[in-house]
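Heads up, the thing below is written out as structure tokens.
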Amino acid sequence: MTLPDKRGTIEEAISAIGDGASVMLGGFGVPGTPFCLIRELVRQGPRNLTVIKNDANEAGMGVDWLLENGQVARLVTSHIGLNPTAIRMMNEGAIEVEFVPQGILAERIRIAGAGMMGFVTDIGLGTPIEEGKPRIAVDGRTGLLETALRADFALIHADSADSFGNLSFSASARNFNPLMAMAARKTIVEAERMVPLGALLPEHVHLSGTFIDIVVELPELPEVYGVIQR
Amino acid sequence: MTLPDKRGTIEEAISAIGDGASVMLGGFGVPGTPFCLIRELVRQGPRNLTVIKNDANEAGMGVDWLLENGQVARLVTSHIGLNPTAIRMMNEGAIEVEFVPQGILAERIRIAGAGMMGFVTDIGLGTPIEEGKPRIAVDGRTGLLETALRADFALIHADSADSFGNLSFSASARNFNPLMAMAARKTIVEAERMVPLGALLPEHVHLSGTFIDIVVELPELPEVYGVIQR
Amino acid sequence: MSSNAKERMLKRAAADIVPGMTVNLGIGLPTEVLQHVEPGVPVCLHSENGIAGVGPVLSPDKADRNLIDAGGAYVSAIPGTAFFDSAVSFAIVRSGRLDLSLLGAFEVAANGDLANWKIPGKFSPGMGGAIELAQKARRVGVIMMHTDRKGNPKILDRCTLPLTARGHVNRIYTDMAVFDITAEGLQLREIALGSDLTELRAATGAPFHVPDQDLPRF
Amino acid sequence: MSSNAKERMLKRAAADIVPGMTVNLGIGLPTEVLQHVEPGVPVCLHSENGIAGVGPVLSPDKADRNLIDAGGAYVSAIPGTAFFDSAVSFAIVRSGRLDLSLLGAFEVAANGDLANWKIPGKFSPGMGGAIELAQKARRVGVIMMHTDRKGNPKILDRCTLPLTARGHVNRIYTDMAVFDITAEGLQLREIALGSDLTELRAATGAPFHVPDQDLPRF
Chain A
201 MTLPDKRGTI
211 EEAISAIGDG
221 ASVMLGGFGV
231 PGTPFCLIRE
241 LVRQGPRNLT
251 VIKNDANEAG
261 MGVDWLLENG
271 QVARLVTSHI
281 GLNPTAIRMM
291 NEGAIEVEFV
301 PQGILAERIR
311 IAGAGMMGFV
321 TDIGLGTPIE
331 EGKPRIAVDG
341 RTGLLETALR
351 ADFALIHADS
361 ADSFGNLSFS
371 ASARNFNPLM
381 AMAARKTIVE
391 AERMVPLGAL
401 LPEHVHLSGT
411 FIDIVVELPE
421 LPEVYGVIQR
Chain B
201 MTLPDKRGTI
211 EEAISAIGDG
221 ASVMLGGFGV
231 PGTPFCLIRE
241 LVRQGPRNLT
251 VIKNDANEAG
261 MGVDWLLENG
271 QVARLVTSHI
281 GLNPTAIRMM
291 NEGAIEVEFV
301 PQGILAERIR
311 IAGAGMMGFV
321 TDIGLGTPIE
331 EGKPRIAVDG
341 RTGLLETALR
351 ADFALIHADS
361 ADSFGNLSFS
371 ASARNFNPLM
381 AMAARKTIVE
391 AERMVPLGAL
401 LPEHVHLSGT
411 FIDIVVELPE
421 LPEVYGVIQR
Chain C
35 MSSNAKERML
45 KRAAADIVPG
55 MTVNLGIGLP
65 TEVLQHVEPG
75 VPVCLHSENG
85 IAGVGPVLSP
95 DKADRNLIDA
105 GGAYVSAIPG
115 TAFFDSAVSF
125 AIVRSGRLDL
135 SLLGAFEVAA
145 NGDLANWKIP
155 GKFSPGMGGA
165 IELAQKARRV
175 GVIMMHTDRK
185 GNPKILDRCT
195 LPLTARGHVN
205 RIYTDMAVFD
215 ITAEGLQLRE
225 IALGSDLTEL
235 RAATGAPFHV
245 PDQDLPRF
Chain D
35 MSSNAKERML
45 KRAAADIVPG
55 MTVNLGIGLP
65 TEVLQHVEPG
75 VPVCLHSENG
85 IAGVGPVLSP
95 DKADRNLIDA
105 GGAYVSAIPG
115 TAFFDSAVSF
125 AIVRSGRLDL
135 SLLGAFEVAA
145 NGDLANWKIP
155 GKFSPGMGGA
165 IELAQKARRV
175 GVIMMHTDRK
185 GNPKILDRCT
195 LPLTARGHVN
205 RIYTDMAVFD
215 ITAEGLQLRE
225 IALGSDLTEL
235 RAATGAPFHV
245 PDQDLPRF
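Residue numbers (the working numbering), protein chains in the order written: chain A, 201 to 430; chain B, 201 to 430; chain C, 35 to 252; chain D, 35 to 252.
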């Protein structure tokens, strides 16, 4: 038995993303952000995107490129405090921003990836977070209904990948990547290293290739992936 | 900085489980079933237990010991087809059995472990599975409310553990173990191997010790953990 | 049923497992289909207990005590196998990553309803993972003997047993025929060598459409 | 405020981090508390971006580009560190596995309400993980300067800003005092060296109970 081969080119992979698409981007700060896939998304230029990412990166990197290039209509995120462009565009009404508490964002994405419709939690009950969310009683307690958050595409950064799309992530670069990979209609991975099938021990695979559609091998990493010198 | 040490003895660990407790047991068939913890539970003998386990093992092993010893009042499970004792006791009304579809069982446990109240899914809509479950509308679609499934205790089998309770599992012995470890008030682990802190690479830890209360090292494995000869 | 007819049924079902698929094979006849898939076809076998890339079954002396499939068989890893927990395993199922689920059945109805987990008063071991497999795979195939041991039809107008899933079966493979279930009802697609329409109608508990063209044989 | 008073506040908060705890320290003052925890105390530091067992901060030349904490600092692994995804990370938080969450604040109210993520019209970068940390840790501590830059009280009868969490703060550490929030209201527990009750009352926007005994100084 042998497993399907999902390797592809970055141009072909990103060309499926059209105007108006919803796109999840992995990463928490620099670690795990798929900068090369984002750069290709800037080069190909689809507009009116809904971007779903934990944060908006910082000036001059990642999400900021998409914002500066006017490709983002809507941003679903937990925190944009390190990106002045995002804050300015939000305040000017140039982009719409939906803030979601970080763990609720993670869980709305995971619930979508697990093929469910929503979940009930008491997070935010009695605070402004509650606005617009139906109250649901569960075993006599009150919670809020949070809906599954899906996307047309997920762009994922992995440390290692095999040709079937089995992935492993490095250190804190895991973050939203495996969750988003599960929650999109089509999931595109950039990997720092392609390894032969079987090189990742079955117990050490962080995310099964069953969730992956296209794997792209990265050339030498651009500087943006490096340590930020402040 | 150093991490807390959670090693304990099997007698002390199991002694916390009293009559009427709810107890989750890891495992899918033999792999991942904490036979030594179950045997100690039989030896100490608390009664009227609610047992939550994917399956009821087979005659003469695991859950069957608890059933034969009359300690189980209620069993929450997805399948008991390989255990004639369980089927007989269910038919005689000696135990109450709640059947839950396997993935819904996994998810009800995971949702509890993630500190949430319930989730909404369309699994079982229009079938007998729907009975007694409220219908909830999410984004215009109808689903069923499934409630979080917690327990007082979780008994977990791991391949390797360190003194903080970081765990790794072998092959298909992972199954319900990490989920249950997250969903109990108190989680007790039996490990085939204790390894020094740091011996499990941070990327290879399957479940963080933050979820674990007591770690017990197993002596030489009894035969029941072995390959079943049919 | 001749073992010949059974082999041809398995082979016919195997032909629908095509390169690139992720597939779950239920216990019993569905598992046997695997032996008839061409060796070179790249497919990923999923098992509910937390495996993608299930490898061949091993004899007990070569088995890994920690590596079984959902049916309890000692299986092996292949290059690219991954293990995960039961929640992730069913995330694969419910999120539509299974291209095909092949299941056994007590009854299948012309409207795509499936009953395969409970016979009230006789057999109720629990549903295991069948409900989610039957409801959420992109394609659901049923493979079964055309009639039960007493010769009664298992393909019915409506199921009489408690349902596993409502309206999700796409295709039925039996030792007598292949049917598709479409919006227009039960469609006969192929007929087994040695079966004929009269025999098939008598053994089937629901009306079905017969195409105008010649029926392929298998 | 003298840096001396700040150091004593940090040290006082650090004294509540006791062996066996799993702790989350927010950005800013809470993170600084760590330097005052006794080196031998076994504790597990949690970071929202997927780390349990956060190790010391590293200089950029020693940093691992893939290992930051939730505040963006380059941190290290220690023996026993584990990495996981963001859903697991918040499972730890919401399921009550954090023994203590230390947070900064714009405002804290005598009823335990906390406001620390939004100043309408001025500052709204998003709430990050603050809401879940403030609502679900077994104990929630706030550490902050007693007054804002203009000298206005930050401890109030009721918060005026949008809430982070309602009624979950247990203890407040400031450069002037330590308060507990109980069912009976705001309780003064300790007072800083160099502060007195008159001064403290003037700088606090809510009434508080003063114990009959001598107040411990820190």
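Where a beta carbon is used, it is the ideal one built from N, C-alpha and C, also for glycine. Note that the structure is a prediction, hence the values are computed from the model and not measured.
Limits of the unbroken beta strand (DSSP E) element including residue i
i                 : result
Thr-208 (chain D) : Careful: Thr-208 (chain D) lies outside any beta strand (DSSP E) and carries neither H nor E.
Val-416 (chain A) : 414-417
Gly-313 (chain A) : Careful: Gly-313 (chain A) lies outside any beta strand (DSSP E), inside the alpha helix (DSSP H) at 302-313.
Phe-435 (chain A) : Because chain A spans 201 through 430 in this model, residue 435 (chain A) falls outside it and cannot be assessed.
Asp-52 (chain D)  : For the sequence presented, residue 52 (chain D) should be read as Val rather than Asp. Here Val-52 (chain D) belongs to no beta strand (DSSP E), and DSSP marks it neither H nor E.
Ser-81 (chain C)  : 78-81
Assigned exposure category for residue i - 16 Cβ within 10 Å defines buried
i                 : result
Arg-393 (chain B) : exposed
Phe-369 (chain B) : buried
Asn-161 (chain B) : No statement about residue 161 (chain B) is possible, as the shown extent of chain B runs from 201 to 430 and does not include it.
Arg-251 (chain C) : exposed
Leu-231 (chain C) : exposed
Phe-117 (chain D) : buried
Arg-172 (chain D) : exposed
Ser-123 (chain C) : buried
Met-35 (chain D)  : A caution first: Met-35 (chain D) carries a pLDDT of 49, below 50, which makes its placement in the model unreliable, though a value can still be read off. Classification for Met-35 (chain D): exposed.
Thr-216 (chain C) : exposed
Pro-90 (chain D)  : exposed
Minimum Cβ-Cβ distance from residue i to chain A less than 8 Å
i                 : result
Leu-137 (chain C) : no
His-70 (chain C)  : no
Glu-82 (chain D)  : yes
Asn-100 (chain D) : yes
Residue i vs residue j beta-carbon contact at 8 Å
i                 : j                 : result
Ala-121 (chain C) : Ala-383 (chain B) : no
Pro-402 (chain A) : Ala-111 (chain C) : yes
Gly-434 (chain A) : Met-380 (chain A) : It is not possible to answer for residue 434 (chain A), since the shown part of chain A is limited to 201 through 430.
Glu-390 (chain B) : Leu-418 (chain B) : yes
Val-244 (chain C) : Leu-222 (chain C) : yes
Leu-344 (chain A) : Arg-335 (chain A) : yes
Asp-359 (chain B) : Pro-396 (chain B) : no
Ile-238 (chain A) : Trp-265 (chain A) : yes
Val-338 (chain A) : Met-201 (chain B) : no
Asn-150 (chain D) : Asn-375 (chain A) : no
His-357 (chain B) : Pro-234 (chain B) : yes
Leu-275 (chain B) : Ala-256 (chain B) : yes
is_contact[residue i, chain C] using C-beta, thresh 8 Å
i                 : result
Ala-273 (chain A) : no
Ile-280 (chain B) : yes
Phe-411 (chain B) : no
Arg-310 (chain B) : yes
Extent of the continuous alpha helix (DSSP H) to which residue i belongs
i                 : result
Thr-327 (chain B) : Taken as a continuous stretch (DSSP letters only), Thr-327 (chain B) belongs to no alpha helix (DSSP H), as it is neither H nor E.
Pro-196 (chain C) : From DSSP, Pro-196 (chain C) is part of no alpha helix (DSSP H); its letter is neither H nor E.
Lys-40 (chain D)  : 37-48
Lys-170 (chain D) : 164-170
Val-424 (chain B) : Note, Val-424 (chain B): premise wrong, no alpha helix (DSSP H); not H, not E.
Ala-236 (chain D) : 231-236
Contact test: residue i Cβ vs the ligand ZN heavy atom, cutoff 7 Å
i                 : result
Ala-221 (chain A) : Although the ligand ZN was asked about, the structure shown includes no ligands whatsoever.
Below-8 Å beta-carbon distance, residue i vs any chain B residue
i                 : result
Cys-193 (chain D) : no
Arg-200 (chain D) : no
Ile-329 (chain A) : no
Ser-37 (chain D)  : no
Cutoff 8 Å: residue i Cβ touching any chain D Cβ
i                 : result
Glu-403 (chain A) : no
Ala-360 (chain B) : The question names Ala, yet the displayed sequence has Ser at residue 360 (chain B). No - not a single Cβ of chain D is within 8 Å of the one on Ser-360 (chain B).
Met-316 (chain B) : yes
Contact between the segment 185-205 of chain C and the segment 113-132 of chain C (3+ Cβ pairs under 8 Å): no
Tell me whether the segment 90-102 of chain C and the segment 272-285 of chain B touch, counting them as touching only if at least three CB pairs, one residue from each stretch, are closer than 8 Å. no
When the Cβ atoms of the segment 230-240 of chain D are set against those of the segment 178-188 of chain D, are three or more pairs found closer than 8 Å? yes
Does the structure place the segment 130-142 of chain D close enough to the segment 416-424 of chain B that three or more beta carbon pairs sit under 8 Å? no
Three-pair Cβ contact test at 8 Å for the segment 156-171 of chain C versus the segment 289-309 of chain B: yes
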